[in-house]
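Taken in sequence, the protein lines are chains A and B.
Counting from 1, position 73 in the first sequence corresponds to residue 73 in full-length UniProt numbering; the numbering is continuous, with no gaps.
Counting from 1, position 385 in the second sequence corresponds to residue 385 in full-length UniProt numbering; the numbering is continuous, with no gaps.
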Amino acid sequence: MKNKLILWLLVVLLLVVVAIMAKDLFVSQNKPQENVYEYDLKELRKVDSSKISHKEVKQIKIQANELHGIAVDGKDQIYVTTDENILVLDSDGKQINSLKMKGNARCLTVAENGNILVGLGNRVDIRKPDGSFRNSFIVAGEKAFITSIAIDGDNVYVADAGQKIVHHYNIEGEKINEIGGKNPEAGIKGFVIPSPYFDLLMGRQGELWVVNPGRHAFEAYNSSGVQISSWERTSMSLDGFSGCCNPSNAAMLSDGSFVTAEKGLERVKIHLPSGDFKSVVAAPELFEIGTVGIDLAVDSKDRILVLDPVQKMIRIFEAK
Amino acid sequence: MKKSLAFISLLIFFVGMEFAAFSQQQRFPKPEFESGYAQPVTSMPVPRDGMFALLDVLVLIAVLSLITWFILKKRSRTGVVAVSIFSILYFGFFREGCVCSVGSVQNVVLALFNPGYHIPLSALAFFVIPLAYTLFFGRTFCAGVCPLGAVQDVFLMRPVTLKKWLQKALGLIPFIYLGLSVLYAATATDFIICRYDPFVGIFRFNATFFMFAIGAAFLLISIFIARPYCRFFCPYGVLLNLVSRVSKNHLTITPSNCIQCKLCENSCPLDAINKPVVVKQMEDKRSATRRFILLSLIIPALMIVGGWTGANFHENLAKVNSKVRLADEMLHFDSKTMKESLEIEGFRTSGKPVEQLYLEAAEIVKQFYYGGWILGAFIGLVIGLALSGLSRYQYREDYSPDKGACVSCARCLKYCPVEK
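Structure follows, in structure tokens:
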């Protein structure tokens with residue numbers, strides 16, 4: 001019985017040797033002509049676990065058809081725009097308020113004084129901290145499409161993806177300036193925005209950071225509209241951004257590091273103030289493939305709030 | 001027997017002397033590449049000059065004569081083992097497995113089909129001499145002169161017998177391997193016997209992992225199944241098997257008359273001892289005629305089916321040819337999306353027009369079309385003959401070696417109690 005088993009194992013081994021030799025002879029081993037430009041994201045979706053600096057600590061489900069934007073105020077209250085209203089939640093995710101909106105609120109930000117600025121198409125609505133209406137203004141231009149708002153004192157900065165420009169208003173809606181328009185003489189290349197994801201945020205020194213997604217870049221401007229700094233990282237791997245236009249959204253940590261969200265390769269990362277890659281907050285495996293419009297906010301404890309519009313929830317990440 | 005042994009030795013010696021000078025003309029200068037390409041060092045043993053090549057041939061003759069004497073005259077298994085060890089050391093490790101009779105089949109075929117190729121004397125000698133000895137004395141070359149067989153024989157520790165049908169089925173592999181080797185040598189494509197020689201990498205201490213794994217697998221199998229490479233792979237063994245069937249002075253198990261003691265019955269690890277067959281009633285004429293007609297139809301039908309199949313696969317067979325493979329790569333190469341392989345880069349720098357490459361490749365593919373027909377028909381013939389062999393009746397009174405399959409290892413001799 002034992003001999004029989006050995007015999008059959010050896011015969012199988014012999015046949016395996018024949019098969020290996022035949023394969024080696026007839027099947028070309030090297031693949032010299034593989035498509036080196038093949039767009040295969042499978043490998044890029046894999047993230048080394050040692051690069052992940054945060055863990056997901058909470059998920060807050062939101063009942064809404066569509067989720068668009070997220071912001072956090074000084075008290076760590078969470079504001080989420082949906083296709084119908086703005087939901088106000090406490091830091092534990094309990095709903096405090098719901099503000100009915102006239103139109104599809106695409107983005108929002110909360111001022112230090114608690115005023116809520118909401119972007120709806122080509123209109124900016126400003127609500128008082130209690131939710132009552134304060135004032136509203138229209139961004140001129142047929143193609144105007146507001147994707148992000150930032151506020152610094154009385155200065156309101158509006159990212160207009162349709163016209164590929166940042167508008168500088170005061171709180172009353174009076175236009176002060178336009179920022180980031182193409183100006184070769186001043187060395188400003190202009191914003192490249194192939195898709196409606198164009199984010200901006202206020203830096204720690206009051207500088208305005210604008211994402212230039214087509215260039216995979218962040219550009220800093222002063223209140224006069226002069227570019228004072230920039231960095232760009234184009235890379236298919238973790239250390240940069242890829243595709244037509246990334247990052248799609250951004251936020252800033254208390255140390256000045258950038259939190260970035262990407263589409264195509266759905267992931268959330270942290271880049272140092274210099275622009276160098278620091279770590280991964282959320283790897284692509286946490287998101288459904290094809291998720292776009294992942295918005296970000298950072299609270300006073302440097303917790304990162306990630307709005308997942310496909311799984312319809314706020315995902316809260318804390319440093320490990 | 002002494003006379004014929006001496007005659008063959010002398011004949012080979014003188015023919016060898018004549019070809020010694022001729023073999024010196026094979027060398028030519030290496031091409032110089034304008035692109036700065038540096039030729040890699042080929043992992044081959046240093047070529048032997050005339051005298052040493054002749055020495056190899058003389059050693060072959062001497063060792064063959066010695067082992068033949070040990071087997072047929074001294075009937076000594078110990079002598080066979082001693083010669084086996086010498087062969088492993090000399091032809092295996094010292095001569096690094098080259099030149100070898102198994103691979104020399106390809107040199108002969110290449111010389112026959114390519115007038116521009118001059119076969120080295122030693123390769124020709126290593127092809128002819130074992131065949132000549134086999135014709136007279138059986139496969140004494142396999143017994144212990146061939147280092148490939150000898151190294152497997154040394155590893156045989158616990159022999160187990162394979163079922164007859166399995167032996168028959170696996171026994172078809174060497175014919176297919178021989179057919180492929182001839183096809184690829186005739187088309188100057190590759191020497192696949194050398195490429196897949198399982199032990200040469202071990203002899204040279206430079207085996208790639210792939211070849212080492214194959215060699216190790218064969219040695220592992222050799223512990224239980226006697227000489228797996230010789231029996232189920234060796235293309236030269238096919239020729240020796242056929243020639244040995246008509247050998248004049250083949251080894252006999254008993255030195256005198258067989259007393260049918262059955263002691264030798266299970267002594268052969270290769271299962272190459274034919275047992276006595278009881279007298280069977282004569283097959284009637286009608287049945288014999290019907291069998292003959294059936295076989296006459298089946299064998300040509302198998303040859304046609306095999307030939308047709310081989311011809312249909314000729315493009316796959318041809319892709320082993322480097323020129324055909326390059327032409328295929330060039331045809332499907334898209335510079336916008338593909339990275340240029342080294343072969344394509346090399347071809348481009350040669351300045352040769354691609355159309356010429358295509359024409360040459362097409363000519364080779366055509367050769368493979370005809371080669372595919374011949375190879376397929378040959379395999380069909382082998383299968384047909386194997387089938388007909390199963391229905392053939394042979395009358396035997398004594399225990400006798402199967403002249404084709406027996407490698408004259410002399411293991412059975414010590415089991416026979418009969419003295420001269």
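Even for Gly, the Cβ is constructed at its ideal location relative to N, Cα and C.
So what's A261 of chain A in DSSP terms, helix, strand or just coil?
In the first sequence, residue 261 of chain A corresponds to position 261, counting from 1. Strand at A261 of chain A.
Checking contacts by CB at 7 angstroms: is I214 of chain B closer than that to chain A?
Start at 1 with the first residue of the second sequence, and residue 214 of chain B comes out as number 214. At least one chain A Cβ lies under 7 angstroms of I214 of chain B.
Exposed or buried, what is N183 of chain A when buried is set at 16 or more other beta-carbons lying within 10 Å of its beta-carbon?
Here the question's residue 183 of chain A lines up with position 183 in the first sequence. When all chains shown are included, N183 of chain A counts as exposed.
Hey, is the stretch 247-256 of chain B in contact with the stretch 396-410 of chain B, meaning 3+ C-beta pairs nearer than 8 angstroms?
Contact holds: three or more Cβ-Cβ distances are below 8 angstroms.
What number of angstroms, rounded off, separates the C-alpha of residue 437 of chain B from the C-alpha of I214 of chain B?
Residue 437 of chain B lies beyond the residue range present for chain B, which begins at 1 and ends at 420; the question has no answer from this structure.
Would I364 of chain B and N321 of chain B be called neighbours here (beta carbons separated by less than 7 angstroms)?
Numbered from its first residue, the second sequence carries residue 364 of chain B at position 364. Numbered from its first residue, the second sequence carries residue 321 of chain B at position 321. The Cβ atoms of I364 of chain B and N321 of chain B sit closer than 7 angstroms to each other.
Contacts around G203 of chain A, its chain only, beta-carbon distance under 6 angstroms, and the 5 residues preceding and following it disregarded:
For the purposes of this step, residue 203 of chain A is taken as the residue at position 203 of the first sequence. Annotation for G203 of chain A: W209 place their beta carbon closer than 6 angstroms to its own, counting only its chain and skipping 5 residues before and after.
Just mark F22 of chain B as buried or exposed, buried being the case when its beta carbon has 16 or more other beta carbons within 10 Å.
Start at 1 with the first residue of the second sequence, and residue 22 of chain B comes out as number 22. Any reading at F22 of chain B needs caution, since the residue's pLDDT is 41, under 50, leaving its predicted position unreliable; the model's value is listed next. So F22 of chain B ends up on the exposed side.
Beta carbon of residue 423 of chain B, beta carbon of P174 of chain B: below 7 angstroms?
Residue 423 of chain B cannot be examined here, being either before or after the span of chain B that is shown, 1 to 420.
Name the two residues that bound the continuous alpha helix (DSSP H) containing D328 of chain B.
Numbered from 1 along the second sequence, position 328 holds the residue referred to as residue 328 of chain B. First-last of the alpha helix (DSSP H) with D328 of chain B: 322-331.
CA nearest to the CA of N135 of chain A, picked from A:G141, A:E142, A:R127:
Here residue 135 of chain A refers to the residue found at position 135 when the first sequence is read from its first residue. Cα-wise, what sits closest to N135 of chain A is A:R127.
Run the CB neighbour count on N249 of chain A, radius 10 Å, all protein chains shown included, and call it buried at 16 or more, exposed below.
In the first sequence, residue 249 of chain A corresponds to position 249, counting from 1. N249 of chain A counts as buried, since at least 16 other C-beta atoms from the protein chains shown sit within 10 angstroms of its C-beta.
Can you check which of these residues, A:G141, A:L200, A:V118, is closest to F133 of chain A by C-alpha distance?
Walking along the first sequence from the start, residue 133 of chain A turns up at place 133. Of all alpha-carbon atoms in A:G141, A:L200, A:V118, the one lying nearest the alpha-carbon of F133 of chain A is that of A:V118.
When DSSP labels each residue in this structure, what does C244 of chain A get in the three-state scheme?
On the first sequence, residue 244 of chain A is found 244 positions in, with the first residue counted as 1. DSSP, reduced to helix, strand and coil, places C244 of chain A outside both helices and strands of the structure shown, so it counts as coil.
Pick out whichever of A:K164, A:K189, A:A71, A:D40 has its Cα sitting closest to the Cα of Q142 of chain A.
The count along the first sequence starts at 1 and reaches residue 142 of chain A at position 142. The question names Gln, but residue 142 of chain A is Glu in the sequence shown. Residue A:K164 is the option with its Cα nearest to E142 of chain A.
Could you give the C-beta distance for C245 of chain A and G214 of chain A, rounded to a whole number, given that I count them as a contact under 8 angstroms?
On the first sequence, position 245 is the one that residue 245 of chain A refers to. On the first sequence, position 214 is the one that residue 214 of chain A refers to. Cβ atoms of C245 of chain A and G214 of chain A come within 8 angstroms of each other, at about 5 angstroms.
Taking Cβ to Cβ, would you say A161 of chain A is nearer than 7 angstroms to P196 of chain A?
Your numbering for residue 161 of chain A matches position 161 in the first sequence. Your numbering for residue 196 of chain A matches position 196 in the first sequence. Note that the C-beta distance between A161 of chain A and P196 of chain A is below 7 angstroms.
Residues in the same chain with beta-carbon distance under 7 angstroms from L5 of chain A, minus the five sequence neighbours each way, listed in chain order, please.
Within the first sequence, the letter at position 5 stands for residue 5 of chain A. Cβ within range, chain order: n/a, list empty.
Tell me which same chain residues have a C-beta within less than 7 angstroms of the C-beta of A318 of chain B, skipping the five on either side of it?
Numbered from 1 along the second sequence, position 318 holds the residue referred to as residue 318 of chain B. Listed in chain order, the non-local C-beta contacts of A318 of chain B below 7 angstroms within the same chain comprise V324, I364, V365, F368, local neighbours out to five positions each way being set aside.
If you measure between the beta carbons of L387 of chain B and G310 of chain B, is that distance less than 7 angstroms?
Counting from 1 along the second sequence, the entry for residue 387 of chain B is found at position 387. Counting from 1 along the second sequence, the entry for residue 310 of chain B is found at position 310. Going by C-beta atoms, L387 of chain B is not nearer than 7 angstroms to G310 of chain B.
Unbroken alpha helix (DSSP H) run spanning E43 of chain A, endpoints:
By 1-based counting over the first sequence, the position of residue 43 of chain A is 43. In the DSSP assignment, E43 of chain A falls within the unbroken alpha helix (DSSP H) covering 42-45.
Residues in the stretch 217-231 of chain B having any Cβ partner in chain A nearer than 9 angstroms:
Answer in chain order: A217, F218, L220, I221, I223, F224, I225, P228.
Kindly list, in the order they appear in chain A, the residues whose Cβ is closer than 9 angstroms to that of N316 of chain B.
As a first step, residue 316 of chain B must be located in the second sequence, where it is residue number 316. Chain A residues near N316 of chain B: F26.
Anything in the stretch 172-197 of chain B with a Cβ closer than 7 angstroms to a Cβ of chain A? List those residues in chain order, please.
The residues in question are I173, I192, Y196.
If you measure from the beta carbon of V160 of chain B to each beta carbon in chain C, is any gap under 7 angstroms?
As a matter of chain content, chain C is missing from the structure shown, whose protein chains are A and B.
Give me the chain A residues within the contact set of V320 of chain B, using Cβ-Cβ distance strictly less than 8 angstroms, ordered along the chain.
In the second sequence, residue 320 of chain B corresponds to position 320, counting from 1. Neighbours of V320 of chain B across chain A, judged by C-beta separation under 8 angstroms: L25, F26.
Please tell me whether V12 of chain A has its Cβ less than 7 angstroms away from any Cβ of chain B.
On the first sequence, residue 12 of chain A is found 12 positions in, with the first residue counted as 1. Not one chain B Cβ lies under 7 angstroms of V12 of chain A.
If D153 of chain B sits next to C409 of chain B, beta carbons under 8 angstroms apart, how far is it from one beta carbon to the other, in whole angstroms?
Locating residue 153 of chain B in the second sequence gives position 153, counting from the first residue. Locating residue 409 of chain B in the second sequence gives position 409, counting from the first residue. Right, the Cβ-Cβ distance comes to about 6 angstroms (below 8 angstroms), so this counts as a contact.
Name the chain A residues that come within less than 9 angstroms of F413 of chain B, Cβ to Cβ?
Along the second sequence, one-based indexing puts residue 413 of chain B at 413. Contrary to the premise, residue 413 of chain B reads as Leu rather than Phe in this sequence. Against chain A, a Cβ distance below 9 angstroms from L413 of chain B picks out nothing, because the smallest value is about 25 angstroms.
What three-state label does DSSP hand L5 of chain A in the structure shown?
Along the first sequence, one-based indexing puts residue 5 of chain A at 5. In the three-state scheme derived from DSSP, where H, G and I count as helix and E and B as strand, L5 of chain A is classed as helix.
Fully enclosed by the stretch 59-135 of chain B, which alpha helix (DSSP H) runs are 4 residues long or longer?
Those alpha helix (DSSP H) runs which fall completely within the stretch 59-135 of chain B and span 4+ residues are 77-87, 101-113.
Are there 16 or more other CB atoms within 10 angstroms of the CB of Q25 of chain B, so buried, or fewer, so exposed?
Here the question's residue 25 of chain B lines up with position 25 in the second sequence. With a pLDDT of only 41 at Q25 of chain B, under 50, the local geometry of the prediction cannot be trusted, and no value is derived from it.
Going along chain B in order, which residues have a C-beta closer than 8 angstroms to the C-beta of L7 of chain A?
Sequence index remark: in the first sequence, residue 7 of chain A carries index 7 (1-based). Taking a Cβ-Cβ threshold of 8 angstroms, the residues of chain B close to L7 of chain A are V160, L162, F224, I225, in chain order.
Members of the stretch 360-381 of chain B that neighbour chain A once the beta carbon cut-off is set at 9 angstroms:
Going along the stretch 360-381 of chain B in chain order, one finds no residue with a Cβ nearer than 9 angstroms to chain A.
So D92 of chain A is in the beta strand (DSSP E); what residue range does that whole segment cover?
Along the first sequence, read from residue 1 onward, the residue named residue 92 of chain A stands at position 92. D92 of chain A -> no beta strand (DSSP E), and no H or E assigned at all.
Would you say N3 of chain A faces chain B, with C-beta separation under 7 angstroms as the test?
As a position in the first sequence, residue 3 of chain A is number 3, starting the count at 1. Chain B, which has a Cβ nearer than 7 angstroms to the Cβ of N3 of chain A, makes this yes.
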